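Chains as they are written, first to last, in my numbering: chain A, 1 to 288; chain B, 1001 to 1315; chain C, 2001 to 2532; chain D, 3001 to 3666. C-beta atoms are modelled at their ideal positions from N, C-alpha and C, and glycine is treated no differently. Please read all numbers here as calculations on a predicted model, not as lab measurements.
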Amino acid sequence: MTAVEIQTPGAKAVRREFWSQLLRSKTFIVGMAILAFWVLCVVFPDLVATHDPTAQDPLAKWVRPFNDGHLFGTDRFGRDVFSRAIYGAREILIVAPAATVLGTGLGVILGLTMGYLGGIVDDVVSRLIEALISLPVILVALLALTSLSAGRLTIIGVIGFLFAPLVARTVRAAVLEERNLEYVRAAELRSENAFYVMFIEILPNVFGPIIVEFTVRLGYAVFTMAGLAFIGFGSQPGSPDWGRTIFDERISLLSDVWWPSLVPALALASLVVAINLVADALEGVIDR
Amino acid sequence: MTRYLIRRLGLAVITLVLLSMVVFLVASVLPGSVGRAILGPFAEQQSVDNLNEELGLNGPVHIRYLRWAGDAFRGDFGESYKFRAPVMDFLPGAFVASLKLALATLVIVIPLGIIGGAIAAFRKGRPTDRIITIVGLTLAVTPEFVVGIVLILVFAVRLKWLPPGGSGDGTIGEQLKAIVLPALTLSAILFGYIARMARAGTINALAADYTRTATLKGLTWLQVMRRHVLRNAMLPTIAVIASQMSYLLGGLLVTETMFNYKGLGLLIAKAAEDRDVPMLMASVFVVGVFSMIMTLLADLLTAWLNPRVRLEGAE
Amino acid sequence: AACGSSDDAGQDATAVDEDTGNTEDTSGGEDTSSEEDTGSTAAAALLVIGSGTPSAASANLDPVLINDQNGLTILSSVGQTLLTSNPDLSLSPLLATEWSPNADGSEWTFKLNPAATFNDGTPVTAADVVATMERLVDPDNNSNALSAFEVGRLSPGGITAVDDNTVLFRLDGPMGNFPYIVSSDNYNSFVLPASVTDTSAFATANIPTTGAYMIESYDGVKGATLVRNPNYWGPAAPIEKIEFQFIDDLAAQITAFTSGELDVMSQFSVSGGESLLDNPDVNVIEHPSTAHRQIHLRTSKGPFADKRVRQALAMAMDRGAIIDGLFSGKANIANDSPFFDVFPSTGTPVKQEYNLDKAKALMAEAAPDGFDTTLYGFGTQEIPDLAVIVQNAARELGINITIEMRDDYYDNYWVSWDESVPGSDIGITDYGHRGVPDVFLAAPLKSADKGGVWNGAEFANPTYDALVDEYSASTDLQSQQAASAKIQTLLVDEVPIIFPYNYNYLSAVKTNISGVVTGAMGYVYTDQAAKS
Amino acid sequence: MSEPALAVDDLRLAYVVRGRSLEVLRDVSLRIEPGESYGLVGESGCGKSTAAYAAIRYLPPNARILGGSVRLAGRDVLAMGTADLRHLRAETVSMVYQDPGQALNPTIKVGPQLIEAFTVLGLQPDEAAHRARDTLAKVQIADPELVLNRYPHQLSGGMQQRVVIAMALACDPTLLILDEPTTGLDATVEAEVLQLVRDLRIEYGTAVLFISHDLGAIRSMCDRVGVLYAGKLVEEGPADEVFDEPAHPYSVGLLRCLPRHGSRKGAQRLESIPGFLPEPGADLPTCVFVDRCPLVDDVCRTEVPEWTMFDDRSVRCHHVDKVPAIVHAELPAGVEVVIDRSTPPVLELKSVSKTFHQHGKKVQALRDVSLSLYAGETVGLVGESGSGKTTLAHTVLGLHPPDEPDTIYCDGQPLVATARRRADDQVRAIQIVFQNPDSALNRRHSVRRIMSRTLRKLAGIPRSEVEPKLRDVVSSVRLTEQHLDMRPSQLSGGLKQRVAIGRAFAGEPRIVVCDEPTSALDVSVQAAILNLLADLQREEATSYLFISHDLRVVRYLSDRIAVLYLGRIMELGPAERVFDGPHHPYTEALLSAAPSVEGNSRPRISLEGEIPSAVNPPSGCVFHTRCPRRLDGDMCSTIEPPLTPTPDGGVIRCHIPFDQLSRAGE
Ligand SMILES: Nc1ncnc2c1ncn2[C@@H]1O[C@H](COP(=O)(O)OP(=O)(O)OP(=O)(O)O)[C@@H](O)[C@H]1O
Ligand SMILES: Nc1ncnc2c1ncn2[C@@H]1O[C@H](COP(=O)(O)OP(=O)(O)OP(=O)(O)O)[C@@H](O)[C@H]1O
Ligand SMILES: [Mg+2]
Ligand SMILES: [Mg+2]
């Protein structure tokens, strides 16, 4: 009777399946390729850039793209637009992920606690979250940034703090589904404490939604940072940061000079699109 | 439904109170001297101190909150530091202007988004689907200030078809013209989200057993769509539109500034700049309340469309 | 007395014009343009002017508090001062017809125009002028003009009505440029009826004024409409209604203007406004102005306490290139003192040199390893761009500058009001136009206890303070120029503040509009404007 | 009228998955004559539904027909245009499938949905409405008007399925396809629905294609059956004959997995079919059953078996002659364990009640339940859905506290109300095996992790000593060490359930609660799990509280049986007596509802009406509203009968004296 059901059905290597499915997804490949490019620009900008992004040349104001060795032309200070776009990735690609990690971390802790413990904690925090998310992120960010100093840490803190409720809501919903599954009962029946149940039992199972939420939030973080820069917060004048540059240069559009603002806009769009492509691919592959 | 309604409204009231606290707390953190912001850099320090004292900015936070909340409850949001006039002289006008803009945006984007999403769902996996999805995604991730400036450049500066925004006053015709470009800008951002949700909703409804039942009854494709698919596909879409409200209202900040459209967004930007705390609190609070109400309405609409909730009050 | 009459002042100004080589393009004189236009285009009803939103203090256009150009732009069609400060820095009569000082310049007598009336028909009397001025000099009113009158040495009680049409100003001491203090240069000094006690709701209170227009409606957020004053004592204005639209964003204002929404843009900057400069449908009005930026360098402590570092930075700035880059040449090089070329008292300017090698040599002595610092400023107009330029210039010297443009610049990073405010080692401050340099000389540079209320550089130099007092007391141009030369020499050497440039005031008017006169203070005179 | 209602010939169908074409129907041929009812059986995933949907050409976009033909009432379905197909669906064929709740549009009232099925035939609206009402009456809906005005969710599952059937009958179809129409319904409701279909088929003369996992239901419903294996029909013939004398080794295995009537764990082990169904698209060049067949030999591996015909039957097997001789693999193994009832019970419930509060209403899920469980004993819990079985299990486990503290005793000690507060040995004493092994195991943890954590927490084994112990546990549930490093998703349902059982036994519990441990599993796997449970009980002398809907399974494993209705024990007694009578009228009805594979099904006793809500249970005897043996007068409706002891040591809650209850046994 012993050897009855030893063989397993197809013995699928689930993890390998996950990766091979991801790698087969065109959206994932394209998204990752673009992301990788920008990460390269953050780590080794000088490999990609052709000029010093801050070097001014009063004689070369508004050089058109593909002229005089300027791939995407120059801005009104004669700075190389392409090189600035490359260096401009740094700020956003450091701050946005950091803020997203913070927001996701907080949100996960909050969401797990709410979803698993439920009851009065959940009720109270849910109300608070509902109140917070009915306030547009950018508005609260505006308030907070006027109140506090407008440094990197503030932005990370503010965006992270504002994303936490959104992440928490997603995580909570996922946890609510998990919490009623029997493996949680099983853990409770061996007197595991709440911390163990939340973080060791449930957390790995809601990782899918969390990863998807993380990528989606990352996109939003980039977007929000650009928006903040546009209304004058975040990075400082002169920095090649995309949002800032678009803000600074958009007025030259009226003089038919489109490249200094359009190039960073496209760079920004490519990054957010890439993040979203990856998010989509992950969502399609990760079992919920 | 009544029970659901009562419960939902009760929760909304609690949320409202929390919202007011959040707004008050964030706003009262604003440092810098209000007096100096009002009197300008060239005023004497003594005058600045006097004004700060006069404005009652030195009491304990909870007392100030209670006073503010109590007054706000009676519809009195205090006096604008900047204009030295009741905030309520400005808020309703700006609110109505923003409301018009938001409505115009929704009028443009909801049909487009839903139709686009539904078409993508029917053509799932085919080029049409891809194009709609990619266009939606791209528009959704292009900052509103990029979309806006391009629209202005093309339609206002080049073609001179439409004004580049404006105050939103004047005859209906003028108002409509002024609202088109900002509304299109906001629509561009929302289109992707709504279309995506409508697509998912339609795909789910198409795959549902009741759609199979309807098809197997021998109904025509159109009958199946009209009677069985669309209504069910729309339920999640409504929720998404509501959840995007807060996002839409956030977009007003940049869009209204860019188009100089005199709504809440511009009022908020200015108020923050001037440290006009009463104005700032009131307008951010109003935005919050408005987005909360929209969520509430969407919830109620979803509930009402869903007989389970309408009749039983189930969640 | 050199400034005995209006004619004298006018002549002085003309001389300045020749000095700087600026030409008057569209502005012209009010009197000449008015006659051509009144008859032809009386029918055109509405003129739309774009301007920024008045600041908090100016929100109700309260003449006592008003402190920015945007509020002023409206008032320039509504109210009038005793004298007009012309684009060429000359003075012309307005409500006053004649003015003259006593021997040492410590008492000034103004004769009022007997024809002048408020829009309710009542004549403008000396009592009205006294009430208006007393209100402004009373410290309890927090008037925005307090600092101007401090420079003008006018104190409460110093104003008396000699008769119905004569006003006597008794100053605390001699002040040669006093008439400028009661001209349109001091925009708070619009004359209001003596009966007015509360001006705080000026915009909506229907307070009688003397200008060609009256406020019909006002919305601090959206804009204002003005209607023709039926009782105007001067030549009737051709345009019936004027609408102001508040548009803060320059891009938005320019698009509104180019797409035909606006007839006039009260002011625009070259940076961003390039498209207007070569637009055939647009008349660009350009005035020399003394509006400028100051880059203060803290002399009391920090890296700039060493004079050589300050000199090095000043020498590292290629001002010609800055003017070309930021203003397409529509600005003038300034030489690290407030004696801009346009001021008659400047005489032969003492130049600051552009010499990178010398600058580097100075740095090598003073701070061979360079240093890091943060430059603060309030990010309006071209200031962020200027900051970037300073940053670039400093880098050549091994100075690594971080730029922080902050809304609370004036609260925390400009002048250390007290110990709790950090101030800044280097900061950029914007200064508006003034007809005379007195305010610029005193407030930002004099020792704190000598009236240096805006002294972000914390510059304290007794020699300088004495020189400025000497300058202010001079009532004739020669002695002014003599003092000026000494001041310039001192400042170019000490460099507590880098004055990189003063820029021209630019307004844009549609080509179908004529007769609009703008002033560097931010005025838009519409009383003779016409539309075809 | 000679055209068959459905004729499928050599149908080959594949699903394209990621560019690969996976064959799931392999030359299926079947024929259903008008008015005939045909049953299709086979393990999950063998292609039953696919065949059914192919018959009406309602296939997912990735389905490809590779060959063959389908003719419905003489018309070639596969060659039809869209409009024709639509007419065919409207007029000739109807389908009813699992989960009626999903099959009805939740946002539209039942009326319009039903009427639609008539208007599509070209009827005028009022005529259609009229017909809809008639049809509802036909499917035994007492108040059609009321039902028409309801939304689907306002109807019970049984009612919903009746509505769906009414809809299917709207066009008086030539062929009615039923794909597991009663899965998810309670046994009593299932019986009603099946009876209804049986009656209507006769009335309408409709041919039926009936698909079900429930072999008993198939036998009771169908004239002929086909046995499908891996997309291939392996046997076909008259239902009674196939069930009584299966001629294909697969059919034999399928039938032997089920506990036979009256069989008991101590007397007989169950059999199971070793191995697994081949994956869709698997390469099966010869006999599809080779890998699992006990009769396999070289011929089977080299030649495709053709149809062997005899009498009215056909079989695809090279060794039809040897099939009757397939021996029962391992016959009697068990020794009946004698339960010592003189010692104190391990678990004792003394009048346990449990009330839930929901939206301000009180739901009485358990009321005064008293029960004791002795060492090594199994008490089976049966009752319709919502009767409180799971609640009872969870209360014992301490997942939620009973209304009154100290009503549950373990080894004479009162159990602390919630598991969190229980002392270690109390926690260890009571464990559970859940119904669904998928959700019962953490899908992100490996088997090793699940097991070792349990060993450390429950058995208190230090980390260093876990490894050898792990091996013991694994082998005790007949798994191997190679399974330790796998994740649940890499295991089949049966293996997962073994892991879950291993986990429950890791701490050497006194009591294991089994809440429907096999209802998510295929029959062949079920047999193996039941064997395992029986073995473990014998080895460890563990007591089971065993919950199942499947009465045969309960009977196989239980020593005593408790029958719950609306949270109350209606009857408790030795398994044989409770099954064979005399028993409570409710038990009687429950038993009669379950169709038996053996064919000799008892006369069905139908229960009127729906299960009352636990929020406001009926007065008197809670069962009186549905009781077929309700006494005249108002005794039953006013006085709650007490639990009366029975001679065999059980109890029964009925006003009818015990000796008069044995009516059904006659
Ligand atoms: N659209 C599809 N694409 C790919 N494979 C499918 C598809 N639908 C079904 N299958 C696979 O085809 C095989 C047969 O499925 P089918 O649903 O016909 O089985 P079944 O006998 O009805 O099973 P059950 O008893 O579980 O309902 C299964 O292995 C299933 O996983
Ligand atoms: N957490 C709960 N809150 C409210 N009511 C509940 C809860 N759990 C169960 N009930 C109710 O208690 C009653 C008994 O439910 P229980 O799950 O014990 O039934 P069951 O016999 O296990 O049913 P099934 O056979 O469907 O599993 C039902 O009416 C159910 O609705
Ligand atoms: Mg099936
Ligand atoms: Mg249950």
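Do the CB positions of B:M1279 and B:F1024 come within less than 8 Å of each other?
-> In this structure, B:F1024 does not lie closer than 8 Å to B:M1279 by Cβ.
Measure the C-alpha to C-alpha separation of C:P2384 and C:S2271 and round it to an integer number of angstroms.
-> Approximately 11 Å between the Cα atoms of the pair.
At a Cβ threshold of 8 Å, is D:A3419 touching chain A?
-> Taking Cβ atoms only, chain A reaches closer than 8 Å to D:A3419, which makes this a yes.
Under the rule that 16 or more other beta-carbon atoms within 10 Å means buried, what is B:L1009, buried or exposed?
-> It is exposed - the Cβ of B:L1009 has fewer than 16 other Cβ atoms within 10 Å.
Cβ of D:D3179 within 7 Å of any heavy atom in ligand 3?
-> True, at least one ligand heavy atom lies under 7 Å from that Cβ.
Kindly examine ligand 3 and report whether one of its heavy atoms sits closer than 7 Å to the Cβ of D:S3212.
-> Taking 7 Å as the cut-off, the C-beta of D:S3212 does not count as close to any heavy atom of ligand 3.
Kindly examine ligand 3 and report whether one of its heavy atoms sits closer than 7 Å to the Cβ of D:S3670.
-> No information on residue 3670 of chain D is available, as it lies outside the stretch 3001 to 3666 that chain D covers here.
Contacting positions in the segment 2382 to 2397 of chain C - beta carbon closer than 9 Å to chain A | For the segment 2382 to 2397 of chain C, which is checked against every Cβ of chain A, the residues closer than 9 Å are I2383, P2384, D2385, A2387, V2388, I2389, Q2391, N2392, R2395.
Can you tell me the Cα-Cα spacing of B:L1176 and B:P1163, whole angstroms?
-> Looking at the two C-alpha atoms, the distance is approximately 10 Å.
Partner residues on chain A for D:F3434, Cβ-Cβ distance less than 8 Å = Neighbours of D:F3434 on chain A, chain order: E182, R185, A186.
Does ligand 2 have even one heavy atom less than 7 Å from the beta-carbon of D:K3138?
-> In terms of side-chain proximity, the C-beta atom of D:K3138 is found no nearer than 7 Å to any non-hydrogen atom of ligand 2.
What number of angstroms, rounded off, separates the C-alpha of A:I202 from the C-alpha of D:I3561?
-> Distance between the alpha carbons of A:I202 and D:I3561: 36 Å.
Give the residues from the segment 1213 to 1234 of chain B that approach chain D closer than 9 Å (Cβ to any Cβ), ordered along the chain.
-> Correct list: T1213, A1214, T1215, L1216, K1217, G1218, L1219, T1220, W1221, Q1223, R1227, H1228, R1231, N1232.
Note down, in chain order, every chain C residue with its Cβ under 7 Å from the Cβ of B:P1163.
-> B:P1163 reaches chain C at S2259, E2261, counting residues in chain order whose Cβ is nearer than 7 Å.
Candidates D:V3553, D:D3311, D:L3178, of which the one nearest D:V3208 by Cα | When D:V3553, D:D3311, D:L3178 are compared, the shortest CA-CA separation from D:V3208 is found for D:L3178.
Residues near ligand 4, CB to any non-hydrogen atom under 7 Å, in chain order?
-> Those residues, listed in chain order, are D:K3389, D:T3390, D:D3515, D:E3516, D:I3547.
What's the C-alpha gap between D:E3279 and D:T3286?
-> Cα to Cα, D:E3279 sits roughly 15 Å from D:T3286.
Using a Cβ cut-off of 8 Å, which residues of the segment 3454 to 3469 of chain D contact any Cβ in chain A, in chain order?
-> Taking a C-beta cut-off of 8 Å against chain A, the contacting residues of the segment 3454 to 3469 of chain D are T3454, K3457, L3458, listed in chain order.
Within 8 Å of chain B by C-beta, residues of the segment 2179 to 2205 of chain C in sequence order | Answer set for the segment 2179 to 2205 of chain C: S2200, A2201.
Keeping to the same chain, check which residues put their C-beta closer than 6 Å to that of C:V2421; ignore five residues upstream and five downstream.
-> Closer than 6 Å at the Cβ level, and outside the excluded window around C:V2421, lie N2412.
Kindly indicate which residue of C:G2377, C:E2382, C:W2414, C:I2428 has the alpha-carbon position closest to the one of C:M2405.
-> In terms of Cα proximity to C:M2405, the closest of C:G2377, C:E2382, C:W2414, C:I2428 is C:G2377.
Can you find a C-beta in chain B that's less than 8 Å from the C-beta of D:L3104?
-> At a cut-off of 8 Å between beta-carbon atoms, D:L3104 makes contact with chain B.
Where does C:R2170 sit, in a helix, a strand or coil, going by DSSP?
-> DSSP places C:R2170 in strand when its eight states are reduced to three.
Taking only heavy atoms of ligand 5 into account, decide whether any of them is closer than 7 Å to the Cβ of B:F1077.
-> Ligand 5 is not part of this structure, which contains only ligand 1, ligand 2, ligand 3 and ligand 4.
Going by Cα to Cα distance, which pick from D:H3248, D:L3258, D:R3264, D:R3448 is closest to D:V3290?
-> Closest option to D:V3290, judged by alpha-carbon separation, among D:H3248, D:L3258, D:R3264, D:R3448: D:H3248.
Below 8 Å CB to CB, which residues in the same chain sit around C:T2125 once its five sequence neighbours on both sides are set aside?
-> So the qualifying residues of the chain are L2112, A2161, D2164, N2165, A2194.
Is D:R3629 helix, strand or coil when you go by DSSP?
-> In this structure, D:R3629 counts as coil in the three-state DSSP scheme.
CB contact below 8 Å: B:S1098 versus chain A | So no, B:S1098 is outside the interface.
So, is D:R3020 buried or exposed, given that buried needs 16 or more other C-beta atoms within 10 angstroms?
-> Label assigned to D:R3020: exposed.
Beta-carbon proximity list for A:G115, same chain, < 7 Å, skipping 5 on both sides | Once the five neighbours on either side are set aside, the close Cβ partners of A:G115 are V171, R172, V175, L176, R179.
For B:S1246, which residues of its own chain have a beta-carbon under 7 Å away from its beta-carbon, when the five flanking residues on both sides are left out?
-> Non-local C-beta neighbours of B:S1246 in its own chain, meaning closer than 7 Å and more than five positions away in sequence, comprise S1291, ordered along the chain.
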